[in-house]
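Heads up: the sequence shown begins at 0 in numbering that gives the first Met the number 0, then just goes up one per residue. Down below is the structure, laid out as structure tokens.
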Amino acid sequence: MVAKLSFEQLSALRRIDSPTISNAIETFKVRPRVAGYVGSDIRCIFPELPPTVGYAITCTVDSTTEGRQGIGFQKLYDLLTNAPKPAIVVMQDVGPDRLHSCHAGEVMSTLMKRLGAVAILTDGGLRDAKEVGTLGGFQYFCAGLVVSHGNPICVSVGDEVTISGMRVRMGDLLHGDVNGVVSIPEECADQVAEAAYRVWAEEGETLRRINSPEFVTFSGPEVKH
0 MVAKLSFEQL SALRRIDSPT ISNAIETFKV RPRVAGYVGS DIRCIFPELP PTVGYAITCT
60 VDSTTEGRQG IGFQKLYDLL TNAPKPAIVV MQDVGPDRLH SCHAGEVMST LMKRLGAVAI
120 LTDGGLRDAK EVGTLGGFQY FCAGLVVSHG NPICVSVGDE VTISGMRVRM GDLLHGDVNG
180 VVSIPEECAD QVAEAAYRVW AEEGETLRRI NSPEFVTFSG PEVKH
């Protein structure tokens, strides 16, 4: 579990876009560059919202198996109630038909928001986008939207999960926006915002040179992004 950051540190992270957060993490060399973020199969449903930052509350869920018994969603709500805030509920689909799955809608999202969650991240489906969009700042990261909730059950809570290739443990610090979601490593969590501002400054200088009236061709640090 990542050590809890201060209000000021979390606020600083919210002012930074997720790609810049990812670039900042790279400077610490604590993990491979192609790790720690979701793939392009995960959509941000409310791209107009500012970046989302929160601590992961993990669970596995299934809504496409007929008659399967779960442990009950109350265990998830209890875990969320007592977890560090802000929280992001991370729901790994373990059912047989992920494309037809649905793991939350207006009612569950409203409840989770009341319990301190700021977003849901799942590799399955969600619904009620219009209604959830009126909750005020609650984000959906998911494979897509569906109309039916199927047979929703909670299979487990608190275990390590994997969402689109990104491994997530309870308490991991997540950052997401219209570009996707990235996990911030514990080793550098309290330094990432400062590093991101340095990345911004370096990119700003490169863009200044490219946009300069004197620009003819480019020579300098390799442009990769």
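Beta carbons are placed, not taken as given, at the ideal position from N, Cα and C, and that holds for glycine.
Item, Value
"I want to see whether chain D comes within less than 7 Å of F137, judged by CB atoms only; does it?", "In summary, chain D is missing from the structure at hand, where a single protein chain is found."
"Quick check on DSSP: helix, strand or coil for R166?", "strand"
"List the residues that DSSP assigns as beta-bridge partners of T80.", "Bridge partners of T80: none, in fact."
"For D176, list the residues DSSP reports as bridge partners.", "G179"
"Taking all protein chains shown into account, decide if G123 is buried (16 or more other Cβ within 10 angstroms of its Cβ) or exposed.", "buried"
"Would you decide whether A194 is buried or exposed? Buried here means 16 or more other CB atoms lie within 10 Å of its CB.", "buried"
"Which runs of the beta strand (DSSP E) fall wholly inside the region 82-137 and span at least 3 residues, in chain order?", "86-92 and 116-121"
"Between L75 and the rest of its own chain, which residues show a CB-CB distance below 8 Å, the 5 nearest in sequence each way excluded?", "I56, C58, V88, C153 and V156"
"Given L237, which residues of its chain have a CB within under 7 Å of its CB, disregarding the five upstream and five downstream residues?", "Lying outside 0 to 224, the shown extent of the chain, residue 237 is not represented and no answer is given."
"Starting from T19, trace the alpha helix (DSSP H) in both directions and tell me its first and last residue.", "S17 to E25"
"Comparing C-alpha positions only, which one of T64, I20, T121 and P83 sits nearest to R166?", "T121"
"Determine the burial state of L206: buried for a count of at least 16 other Cβ atoms within 10 Å of its Cβ, exposed for fewer.", "exposed"
"Could you compute how far the alpha carbon of G143 sits from the alpha carbon of Q190?", "33 Å"
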